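*Asks:* Each residue of the sequence shown is one higher than the one before, starting from 72 at the first, in this note's numbering. Just so you know, even glycine gets a beta-carbon here, dropped at the ideal spot from N, CA and C. Fair warning: this is a prediction, and the values are worked out from it, not measured in the lab. One structure, as structure tokens, below. Some questions next.
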Amino acid sequence: QVVYSREWKSQLGFDEHEITNDFDEWRNRVHPDDLPATLARIEQYLRQPGPAHEVEFRMRHKDGSWRWIYARGEVYRDPAGAPSRMVGCHVDITERRRAEHHVHQLNRTYAVLSDINHLIVRERDALTLLDGACRIAVDIGGFLLAWIGLAEPGSSRLEIKAYAGATSDTLSIVKTLVEA
């Protein structure tokens, strides 16, 4: 038998009567990308229990958003050693994950700026410098596309001087958008 606490239901934005005590209620709310690994971790824990089962995954909130959940559980076994009961808790760690993601993005940005600063100090050729800056933004910064262009004075024409992570078709679209 599965029993979900009032607190667990409200953590996902539901009133107590809106979620039944059925394992599918939990399974259907776990993010599809996270479900296989999360179930595998639970099954592994049931086969080879340690002090406690711990896993992080996303669950669908009533408002449609995904919340990051830290789940911890402990299995109790019958005298024959078979799992008879599992007790656990969920903690919403969405804000912590957002903060970690923000810090990761800032660290990537600082790494890009630092590498470009080093490039500026050592590179004397302007085009090599621009190409290097674009490459650093893509390789270190994780950007899908980086480009540097110069607008002709008194004109809406753009000349792309350097780029990385883009095809000529992508650059053509960028050029058209900027010139428009």
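If you follow the beta strand (DSSP E) that glycine 259 is in, where does it begin and where does it stop?
*Replies:* For the chain, the structure presents residues 72 to 251; residue 259 sits outside this window and is missing.
*Asks:* When the Cα of isoleucine 164 is compared with those of Arg129, Val73 and Ser239, which residue comes out closest?
*Replies:* Indexing the sequence shown from 1 puts residue 164 at position 93. Checked all of Arg129, Val73 and Ser239; the closest Cα to isoleucine 164 is Arg129.
*Asks:* Taking the straight line between their C-alpha atoms, what separation do you get for glycine 159 and glycine 213?
*Replies:* Residue 159 sits at position 88 when you count from the first residue of the sequence shown. Residue 213 sits at position 142 when you count from the first residue of the sequence shown. Going by the C-alpha atoms only, they are around 37 Å apart.
*Asks:* Tell me which residues share the same chain as glycine 236 and place their Cβ nearer than 7 Å to its Cβ, disregarding the 5 neighbours each side in the sequence.
*Replies:* Position 165 of the sequence shown, counted from the first residue, corresponds to residue 236. Taken in chain order, the residues that qualify are Val209, Phe214, Leu215, Leu216 and Ala217.
*Asks:* Tell me, which residues are paired with proline 154 by DSSP?
*Replies:* The residue labelled residue 154 in the question sits at position 83 within the sequence shown. DSSP, once it has assigned bridges, lists Arg148 as partnering proline 154.
*Asks:* Measure the Cβ-Cβ separation of isoleucine 187 and leucine 201 and say whether it is below 8 Å.
*Replies:* Start at 1 with the first residue of the sequence shown, and residue 187 comes out as number 116. Start at 1 with the first residue of the sequence shown, and residue 201 comes out as number 130. Going by C-beta atoms, isoleucine 187 is not nearer than 8 Å to leucine 201.
*Asks:* Does DSSP put leucine 229 in a helix, in a strand, or in coil?
*Replies:* Residue mapping note: residue 229 aligns to position 158 of the sequence shown, counting from 1. Three-state DSSP puts leucine 229 in a strand.
*Asks:* Where DSSP assigns a beta bridge to arginine 129, which residues make up the other side?
*Replies:* Counting from one through the sequence shown, the residue named residue 129 turns up at place 58. Per DSSP, Trp139.
*Asks:* Return the residue from the list Ser155, Pro122, Ala108 and Ala153 that minimises the CA-CA distance to arginine 143.
*Replies:* Residue numbering aside, residue 143 sits at position 72 when the sequence shown is read from its first letter. Per the Cα distances, Pro122.
*Asks:* If you reduce the DSSP assignment to three classes, tell me which class tyrosine 181 lands in.
*Replies:* On the sequence shown, position 110 is the one that residue 181 refers to. Looking at tyrosine 181 - three-state DSSP - the assignment turns out to be helix.
*Asks:* Whole angstroms are fine: how far does the CA of isoleucine 231 sit from the CA of alanine 204?
*Replies:* Taking the first residue of the sequence shown as position 1, residue 204 is located at position 133. Taking the first residue of the sequence shown as position 1, residue 231 is located at position 160. Roughly 14 Å between the two C-alpha positions.
*Asks:* For lysine 246, which residues from the same chain have a beta carbon less than 7 Å from its beta carbon, with the 5 sequence-adjacent residues on both sides left out?
*Replies:* On the sequence shown, position 175 is the one that residue 246 refers to. Leu229 and Ile231, listed in sequence order.
*Asks:* Note the first and the last residue of the continuous beta strand (DSSP E) segment covering isoleucine 219.
*Replies:* Residue 219 sits at position 148 when you count from the first residue of the sequence shown. 217-222 is the span of the beta strand (DSSP E), which, as asked, contains isoleucine 219.
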